[in-house]
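Each residue of the sequence shown is one higher than the one before, counting from 903 in the working numbering.
All C-beta atoms in this analysis are idealised placements derived from N, C-alpha and C, irrespective of residue type, glycine included.
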Amino acid sequence: MVAVLAVTETISYAALFYAFAVIVTPMRDELGASTAQVSGALSVSLAVAGLAAPLVGRWVDRRGARALMTLGSALAGVSVLAWSQVRTVPQLYAAFVGVGLAGAMVLYEPAFAVVNTWFRRRRAQALLLVTVVAGFSSTIFLPVTQTMVDGVGWRGALVVLAALAGLCAIPHAVVLRRSPRDLGLVPDGADGDQPRGRTSESREDDLPTEARSPAVRWLTVAAVGHAIAVTVVAVHLVAYLRDAGLAPGVAATAAGALGLMSVTGRLAFTGAAARLGLARVAALMLAAQAGGVALLLSVPHPAGLVTFVLLFGAGFGVMTIARAALLGDLVPLGAFAAASGRQALAATIGRVAAPAVAGVVITSTGFTPVLIGVAACCLIAAGALLLVGSVNR
């Protein structure tokens, strides 16, 4: 199941998210629309996915992820195929409502619920495998998508991606299972009873106190703060570096290196967390991100930029693993997906609003206040993670 999720997440992220970066320019030119108009479709997708996340979570808690992810992959294929046929901007937005709903059904949130159900001792390692493999989605599919666009056009490229996304329904239906208990097993394949308070019959409605504990709230604060920070950097870093006088190629390379460093950071995080604790190590890495931003602002390039890429990139994907692993320890099994969905909605609100707010600030006062805000968000998230660890003791 972990191997299936690793592969299908890689494909699904490519079709539902990363391909947009390659498709946007030829699509914009053919539709005769502005960049802002076509980019708004992606915002619609993110907003729909965020709004659907709590509902998806409650479904997974009650019925498991197998049917949901199977139907979600089928919807992903249909929605991307519809995207390939749009002729107007309203049609594009309509297709991206489907893209967003499919994303809520097949991307990390339901996949993490499967991992949480099947793993206890090796949960962090299972999450690492899924996220490290899926972390290469952009590395693999951005050039592949560009090659397809060059060969068969953006519409043809989307038809191929739609087929790949739709085919993910097959391994989801064949391999995924609701819970170990359905097969006479327990998490991690060990013999014995499931941990008290984490049984598959426990539902979110039956356990409101644990699912809404102070530790869960602090984890939500950390997730939102970090989502804002990484989104602002992802959207505005290239523009900042070009404004600082760096060549476009250097700026783009630096931004791309953050993704590569995130894989290294996830590996380092999982190894250190096993010895020092998830919350403590995640907080340290987020604080290091704030330090990286400070060095970017204060140390001349290339030294400041290289140090920033190393420090900020290492923590870029840490919250993806940390949030899922910590939440699995904080809430009952039957409340995990719903609690995770609420956190995903909160993080999505920050992720959608942050680029626009940052753009207004940049226009009026420049990049420096925005980057200071990024550092502050990282520090707030780090502090919230430390509170998660202290409250949960």
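The shortest CA-to-CA distance from Val1134 to any of Val926, Ile925, Thr910 and Ala1278 is the one to Ala1278. Exclusion of the five residues before and after Ala1196 leaves Ala1277 as the residues of its chain whose Cβ lies within less than 7 angstroms of its Cβ. A check of alpha carbon separations from Ala1156 across Arg1168, Tyr1142 and Thr1166 identifies Tyr1142 as the nearest. The segment 905–925 makes contact with the segment 1036–1046, as at least three CB pairs between them are under 8 angstroms. Note on Thr1019: 16 or more other CB atoms within 10 angstroms of its CB, so buried under the neighbour-count rule. Gln987 carries a coil assignment under DSSP once its states are collapsed to helix, strand and coil.
DSSP, read as helix, strand or coil, puts Arg1080 in coil.
Linking Ala1185 to Ala1237 through their CA atoms gives a straight-line distance of about 25 angstroms. Excluding its 5 nearest sequence neighbours in each direction, Ala1189 has C-beta neighbours in its own chain below 8 angstroms: Cys1280, Leu1281 and Ala1284, listed in chain order. Under the Cβ criterion (8 angstroms, minimum of three pairs), the segment 925–940 does not count as touching the segment 1021–1034. If you draw a straight line from the Cα of Arg964 to the Cα of Ala954, it is about 16 angstroms long. If you draw a straight line from the Cα of Arg1244 to the Cα of Ala1146, it is about 38 angstroms long.
When only Cα atoms are considered, Thr1209 and Thr1270 end up about 18 angstroms apart. The Cβ atoms of Arg968 and Leu1087 do not sit closer than 8 angstroms to each other. The continuous alpha helix (DSSP H) containing Gly1161 extends over residues Pro1150 to Leu1178. In the three-state scheme derived from DSSP, where H, G and I count as helix and E and B as strand, Ser975 is classed as helix. For the options Gly1291, Ala1256, Ala1192 and Gly1268, the alpha carbon positioned closest to that of Leu1232 is the one of Gly1291. Between the beta-carbon of Ala1006 and that of Val1126 there is about 18 angstroms, and that puts the pair past the 8 angstroms contact cut. One thing to note: Arg1022 has its Cβ no nearer than 8 angstroms to the Cβ of Asp1084. In the DSSP annotation of this structure, the continuous segment of the alpha helix (DSSP H) that includes Leu1044 starts and ends at Ser1039 to Leu1069. Sequence-distant partners of Gly1193 (beyond 5 residues in either direction) whose C-beta falls short of 7 angstroms from its own C-beta, in its chain, are Leu1213. In this chain, Ser936 is not harboured by any alpha helix (DSSP H), its DSSP state being neither H nor E. If you draw a 10 Å sphere on the C-beta of Val1165, you find 16 or more other C-beta atoms in it, and that means buried. Within the model, the alpha-carbon separation for Ser1115 versus Ala1241 is close to 11 angstroms. Assigned with DSSP and collapsed to three states, Val1088 falls in coil, not helix or strand. Going by C-alpha positions, Val1152 is about 19 angstroms away from Ala1216. DSSP places His1203 in the coil class of the three-state scheme, outside both helix and strand. Just so you know, the alpha carbons of Val1017 and Ser1081 end up roughly 10 angstroms apart.
Between the C-alpha atoms of Met903 and Glu911 there is a straight-line separation of about 12 angstroms. Here Val1211 is buried: its Cβ has 16 or more other Cβ atoms, across all protein chains shown, within 10 Å. Taken atom to atom, the span from the alpha-carbon of Ile1130 to that of Thr1172 is near 23 angstroms. Shown here, Leu1009 sits in coil according to DSSP, grouped into three states, outside any helix or strand.
Assignment of alpha helix (DSSP H) within the segment 1220–1292, counting only whole runs of 4 or more residues, yields 1220–1232 and 1238–1267 in chain order. Excluding five sequence positions before and after Pro928, the CB atoms of its chain that fall closer than 6 angstroms to its own CB belong to Trp1056, given in chain order. Here Met1050 is not near Val1008, since their CB atoms are 8 angstroms or more apart.
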